[in-house]
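A quick write-up on the structure given underneath.
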Amino acid sequence: MVPIEYYLILSVVLFAMGAAGVLARRNALIIFMSIELMLNAANLAFVTFARQYGQLDGQVFVFFVIAAAAAEVAVGLALIVMIFRSKHSIDVDQMSSLRE
Amino acid sequence: MLFDYMAIAVFVFFSTAIAVTAILLGGLFGPRRKSEVKSEPYESGMIPIGPGTRRMPVRFYLVAVLFILFDIEVVFFLPWAVSFRKLGLFGLIEMFIFIGILLVGYFYAWKKGALEWE
Amino acid sequence: MTTPVKLLDFITILPVIFLAAWACLLLLVDLWVKHKRVTAYLAALGLAIGLGLLWYQAAWIGNAGFNHMVVLDGFSVFVNALLLLSGLLGIALAYGYLRRMGIERGEFYPLVLFSLSGMMLMAQAADLIVVFLSLEFLSIPLYVLTAFAYPKAASEEAGLKYFLLGAFAGGFVVYGIALVYGAAATTALDGIIAAVAEGRANLSLLVSGAALILVGLGFKVAIVPFHMWTPDAYQGAPSAVTAFMSSAAKLAGFAALVRIFALAFSSLSDDLIPILWGLSALTMLVGNLLAIPQTNIKRMLAYSSIAHAGYILMAFTAFGNPGVAEVSIAAVLFYLAAYTVTNYGAWGVVILLERAGDLGLEIGGYAGLGRKYPALAACMTIFMLSLIGLPPTLGLVGKFYLFRAVIAADLIPLAVIGVLTSLISAWYYLRVVVNMYMRTGDPEISPEPWALTITGLMAILTVLVSLLPGWLFFLASQARLNLF
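So this is what it looks like as structure tokens:
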């Protein structure tokens, strides 16, 4: 069997990649995909721990995270499409109607 | 413990071997005659129009979003169905409420014209 | 281990269930309603019934529901009452504003109700799963509300920014919960306490999980350095939404923060106090300093709300000390109530002066208000004094309780930073007052009965309750946290 640690290391790497992606990328869609990566890293950690403890709780949590993520996707895509319609760009650096 | 994976290893070996053999044999013995029609991308038998990366109408996004919203609920249906007997009447009522909430969203989308294709 | 669901379980979250169901119905009813004012009144009726149910529910204080997923304690009833009232105030402010701005869409009211039911669930959450779900439940409608003035570019951008950073914060919360689950083998708050007490929990994993949850909730309540979205979202969102968001979302966020940290993670306070100390000091400093150069009133109030998150966090820094925790939680609740009242009043004035096309939002545009509309200027002066923390206002009483808690916890340097930054804040708050009385100008207000009533009422409350604050503080100190 693959040791638990491997899954956890993979999950941490995925989470870090997602967080780095959010901070480094400027395309709203890619930022959004990075956020999904973070959520799925957490899902992996949940399933791993649930298996380690022989429980179902962690796996059920994953269902909820997936459902909440889907709701976020719906709202997020709608916002992104709306912005694209009016600005023809989804580069977050060009969103400067609000000034400092 | 590694022995458990033996079946997979055998499977991977044979599938790779068969695929590689087929490609090699085809490459060795098959005739090669290039023509205009053959180099076209295959588009279900239709004559291809325009480049492959053109923009899609934004309407598709709306459909996709609605699809995700109503599709993801299966995540809850499946475990519910598996443990249906254990949950009993309470589980049934809960699921009706759940579907009721979904229906509210469905009627809203319907009435707002999100399901129309203009 | 798990018990079947009983009727009592539903009573523990009765107002939440009712409000969510009412919002669903309202969404459908609104499809056939021509005049959106009807929707507004129906939404307000729903909130009023919700308050009634909360009153009814209060008899069952001391119960947990759904296998300890939610609890009904004094704390949650206090917070939920504030949330319902703040929903009523938000709808009253939006009532005329939405029509005037040409964004009178019926979805506004169901969205507010959905968001509120998420917030109320959050105040009752006794399991990290419920915390996460209610966090999403309250946030997603808020993202939509922020972008509610589409196709106005500023509102759309504010919505996208709020959405991206809010979802980012949600990712931190989920990962933090995953780590806590890994450390304690449970996500129930009482289970975490038990696991720590029995020495079963992996403490380093638990501390990392708690820190990630703090980051995620810190985004929600706008703590520096997780505040980047706040000025843009507050400025771009329609003012009525900002008023609601800055009061109610802060309330819910702090309710969850207080419950999770004061109960489940109180044993980790030695590790977390330096972090909270730094965050609150940074939040007070950055919020107040960045508010000074602002010329737009919405942006100024956004930074001011960041600064106030810092003051609240300051009182909560000593949450691990059991003797102090009770006083500090009461102080936090009192301050949240005081801030809600003052904040709604200030936003009421902003809404009255705002005109379509983002006009009337410059602080310079408040010049001459004192001569032309003396009563409104007096109200605004009261709110500004309250935000600084000067007499005779609720802000002073609230700050007094906050500082008392901090000093009781022996965090004198933090209290000094708090006092100094309050002095700094006088600079930009009083600038509004100076503009109103000392400069000449010709501001226009929109005579909206509801917004005028709310503004006046909040001004009266700000002064009156500050003269007799005892009962409110009594209520706040009775609002005990519990898990049962």
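Chains as they are written, first to last, in our numbering: chain A, 1 to 100; chain B, 1001 to 1118; chain C, 2001 to 2484.
Don't be surprised by glycine CBs; every beta carbon is placed ideally from N, CA and C.
Note that this is a predicted model, so its numbers are computed, not measured.
Buried/exposed call for residue 2406 of chain C, threshold 16 Cβ in 10 Å
buried
Report buried or exposed for residue 2073 of chain C, applying the criterion of at least 16 other Cβ atoms within 10 angstroms of its Cβ.
buried
For residue 27 of chain A, three-class secondary structure by DSSP
strand
To the nearest angstrom, how far is the alpha carbon of residue 2310 of chain C from that of residue 1103 of chain B?
43 Å
Does any C-beta atom of chain A lie closer than 7 Å to the C-beta of residue 2483 of chain C?
no
Based on the DSSP output, what are the partners of residue 2359 of chain C in its beta bridges?
C/2355
Cβ neighbour criterion (16 or more within 10 Å) applied to residue 2232 of chain C
buried
May I ask you to report which of helix, strand or coil DSSP gives residue 2179 of chain C?
helix
Delimiting residues of the beta strand (DSSP E) encompassing residue 2128 of chain C:
Where residue 2128 of chain C is concerned, there is no enclosing beta strand (DSSP E), although the alpha helix (DSSP H) it sits in stretches over 2128 to 2146.
If residue 2333 of chain C and residue 2249 of chain C are in contact, beta carbons under 8 Å, what's the gap, nearest whole angstrom?
Between residue 2249 of chain C and residue 2333 of chain C the Cβ distance is about 16 Å, and since that is not below 8 Å, they are no contact.
Taking residue 2024 of chain C as the query, report the chain B residues whose CB atoms sit under 7 Å from its CB, ordered along the chain.
1101, 1104
Is the CB of residue 73 of chain A under 7 Å away from at least one CB in chain B?
yes
Can you list the residues of chain B that residue 42 of chain A reaches, using a CB-CB cut of under 7 Å?
Per Cβ cutoff of 7 Å: no residues; residue 42 of chain A is ~16 Å from chain B at best.
The segment 68 to 87 of chain A contacting the segment 2129 to 2140 of chain C, beta-carbon criterion three pairs below 8 Å:
yes
For residue 40 of chain A, list the residues DSSP reports as bridge partners.
Answer is none; residue 40 of chain A lacks a bridge partner.
In or out: residue 1086 of chain B buried (at least 16 other Cβ within 10 Å) or exposed?
exposed
Under a Cβ-count criterion, where at least 16 other Cβ atoms within 10 Å of its own Cβ denotes burial, should residue 1037 of chain B be classed as buried or exposed?
exposed
In the DSSP assignment, find the alpha helix (DSSP H) that holds residue 2016 of chain C and state where it starts and stops.
2014 to 2032
Looking only at DSSP bridge pairs, what is residue 2232 of chain C linked to?
DSSP lists no partner for residue 2232 of chain C.
What residues in its chain sit with their C-beta under 8 Å from that of residue 14 of chain A, if we drop five residues either side in the sequence?
37, 38, 40, 41, 44
Within 10 Å of its beta-carbon, does residue 2110 of chain C have 16 or more other beta-carbons around it, so buried, or fewer, so exposed?
buried
Specify, as a first and last residue, the run of the alpha helix (DSSP H) that residue 2465 of chain C falls within.
2449 to 2467
Separation of residue 2246 of chain C from residue 2305 of chain C, as counted between CA atoms
7 Å
Do residue 2092 of chain C and the ligand PLP come close, with the Cβ less than 6 Å from some heavy atom?
As for the ligand PLP, it is missing from this structure, which has no ligand bound.
The segment 2390 to 2407 of chain C contacting the segment 2332 to 2350 of chain C, beta-carbon criterion three pairs below 8 Å
yes
Give the straight-line distance between the Cα atoms of residue 2242 of chain C and residue 75 of chain A, rounded to the nearest whole angstrom.
19 Å
Does the beta carbon of residue 58 of chain A sit closer than 7 Å to a beta carbon anywhere in chain C?
yes
Taking the alpha-carbon positions, what's the residue 2 of chain A to residue 2211 of chain C distance?
29 Å
List the residues that DSSP assigns as beta-bridge partners of residue 2070 of chain C.
C/2065, C/2125
At which residue ranges does the segment 2229 to 2308 of chain C contain complete alpha helix (DSSP H) runs of 4 or more residues, listed in the order of the chain?
2229 to 2236, 2239 to 2244, 2250 to 2259, 2269 to 2291
Could you tell me the distance, in whole angstroms, from the CA atom of residue 2346 of chain C to the CA atom of residue 2094 of chain C?
14 Å
Can you pull the DSSP bridge partners for residue 91 of chain A?
A/27
C-beta contact flag for residue 2179 of chain C and residue 2159 of chain C at 7 Å:
no
On the three-state DSSP scale, how would you describe residue 2188 of chain C?
strand
Contacts that residue 1108 of chain B makes with chain C (C-beta to C-beta distance below 8 Å)
2027, 2028, 2031
Taking a Cβ distance cut-off of 9 Å, strictly less, list which residues of the segment 1055 to 1071 of chain B are near chain A, in chain order.
1058, 1061, 1062, 1064, 1065, 1066, 1068, 1069, 1071
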